[in-house]
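Start counting the sequence shown at 0; every next residue gets the next number (numbering that gives the first Met the number 0).
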Amino acid sequence: MSPKLLPRLSLALALSLSLSAPAVAENVDHPAYRSWSKHPVGTTIVVRSRTEGKVRTLTTTTTSTLQAIKPDQVTLDVVRESDATDSLIKSPPETQSIFRVFPLLGKTKKEDVGKPTDAIEKGEETLKVSGKEYRTVWYDTKGKGEGGLGWTTRVWLSEEVPGRLVKSVTRFPDAGTTTTVEVIELKAPEGPKSAK
């Protein structure tokens, strides 16, 4: 939950407790940092999000390129293209940092970090991205959104893919809408060319 949504008093109290008792919250590695840091600088991943409804289809493509790996964070260059306004709009590049550690708060267990906490089913499947096969673990979840619309989601995660998300499919049956998010390209930079 975003701190902006918390009452100011609760936020001040939480900050006060975290500053006065740092040992209460255990620091854990961020799964996205861990996955990105396994790849060489220059690695690029392209993720397409496609929402298909009864009236139209909206597509957004996000291209993330690894710019730097440091002991405490990784830095990405992120560019988005979307046709949500009936024409293709490309955003200017933005820098995104993923920090290595964060405090584990609440009832979340260390071994559950990076997994859906409300999964109703789990399995394994091999998916192909850019001609290469990746081992994934999938999780099924379901619930109700605003207005009581029911939804189901299956998400495929892989420790071999930067950011870990390989694919997700969310269906809103009553609205006749499906959103598919999937990696459509993954490429590593070419190594140094050997001298002839």
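Ideal placement from N, C-alpha and C gives every residue a C-beta, glycine not left out.
**Report entry** Unbroken beta strand (DSSP E) run spanning residue 67, endpoints
**Finding:** 56–68
Requested in this report: Just the C-alpha distance for residue 91 and residue 62, rounded to the nearest angstrom, thanks.
Outcome: 12 Å
Report task. Go ahead and label residue 54 buried or exposed: buried means 16 or more other beta carbons lie within 10 angstroms of its beta carbon, across all protein chains shown. Result -> exposed
Query raised in the report: When the Cβ atoms of the region 26–43 are set against those of the region 166–183, are three or more pairs found closer than 8 Å?
Result: no
Report task. Report the three-state DSSP secondary structure of residue 147 (helix, strand or coil). Result -> helix
Report task. Taking the CB atoms as reference points, tell me whether residue 45 and residue 180 lie closer together than 8 Å. Result -> no
**Report entry** For residue 177 and residue 152, the rounded distance between their alpha carbons
**Finding:** 10 Å
Requested in this report: Answer with yes or no whether the minimum CB distance from residue 161 to chain B is below 8 Å.
Outcome: Included in the structure is just one protein chain, with no chain B present.
**Report entry** Through-space distance from residue 122 to residue 98, alpha-carbon basis
**Finding:** 29 Å
Query raised in the report: Quick one: what's got a C-beta closer than 8 Å to residue 88's C-beta in the same chain, skipping five residues either side?
Result: 80, 81 and 82
Query raised in the report: Would you call residue 84 buried or exposed, if buried means 16 or more other Cβ atoms sit within 10 Å of its Cβ?
Result: exposed
Report task. Report the option in 60, 160 and 70 whose CA atom is closest to the CA atom of residue 134. Result -> 160
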